[in-house]
Amino acid sequence: MGSGHRTFRGSLGMSEKGKDPISFSELARDTILNFIDMQGDAVTVRISVASASPLDPRYEVTLVDPEEKGTEDLVFDGNGFEVVIDPDSLVVLEGSRIDWVETLTESGFKFENPNLAPIGSRPLEGDLAERVQQVIDQYVSPGVAQHGGNVILVEVRDNVVYVQMGGGCQGCGLASVTLNQGIEKILKEKIPEIEAIQDVTNHAAGSNPYTTGAK
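This is the structure:
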């Protein structure tokens, strides 16, 4: 990042649409104004999406020179400062609310985004989800059950399958092998439109793994 830029990162939440494409809490607005005052020069606030992954969404609030606005950027008034956002980020962020939070260990902007629902918050429905569930029941579950494990379908989103491992699979040192060489291989073979498999298991919480990782 070049000189004159100052970037602050944020994380995911939920919100209602505001009057502008993106709204700011009073504290977030005051914080941005303070950063602008510290900068000294005239600046524009750029809002962008660094990662739209529902597992690890990341956003950026950056102070940039006003002439750095792109021809396709949306420009609007943040009530005291100019805000710009690129078209791709707008698709993800429209209707979001930005807040500023401080804890004992960290501080930063928090994005309350109604467009990125957390994985598992949507019901399992639709033809693709039904076919994935059938493949897991018929071809995956019998194998992992032999080791005291189970695989739960959490969600299918944008041709990506999100699963959670339980029993002997949770915390197992071979969980990644089971996922990549077993579950993923079977699902992609049976349902070619599946693009990837993501494991959302908290393996650190596993209490009875089939095998433990090498130390």
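Numbering of the sequence shown is given in the numbering used here, commencing with residue 1168 and proceeding in unit increments. Glycine included, each C-beta is placed from N, C-alpha and C at the ideal position.
Secondary structure note for residue 1279: its beta strand (DSSP E) is the uninterrupted segment 1274-1279.
Around the CB of residue 1271, fewer than 16 other CB atoms lie within 10 Å, so the residue is classed as exposed. The beta carbons of residue 1320 and residue 1300 sit closer together than 8 Å. Counting C-beta atoms within 10 angstroms of its own C-beta, residue 1280 has 16 or more neighbours from the protein chains shown and is therefore classed as buried. Burial state of residue 1276 is buried, judged by a 10 Å Cβ sphere holding 16 or more other Cβ atoms.
Your pair residue 1236 and residue 1242 checks out as a contact, with CB atoms roughly 6 Å apart and the cut at 8 Å. Secondary structure at residue 1193: helix, using DSSP grouped into helix, strand and coil. Between residue 1230 and the set 1356, 1349, 1198, the nearest pair of CA atoms involves 1198. A Cβ-Cβ contact shorter than 8 Å links residue 1189 with residue 1265. Inclusion of residue 1318 and residue 1350 in the CB contact set at 8 Å is warranted, their separation being smaller than that value. Secondary structure of residue 1284 (DSSP, three-state): coil. Taking C-beta separations shorter than 7 Å and ignoring five residues to either side along the sequence, the partners of residue 1257 in its chain run 1188, 1241, following chain order. Counting other Cβ atoms within 10 Å of its Cβ, residue 1325 stays below 16 and is therefore classed as exposed. Under the three-state reduction of DSSP, residue 1238 is assigned to coil, being neither helix nor strand.
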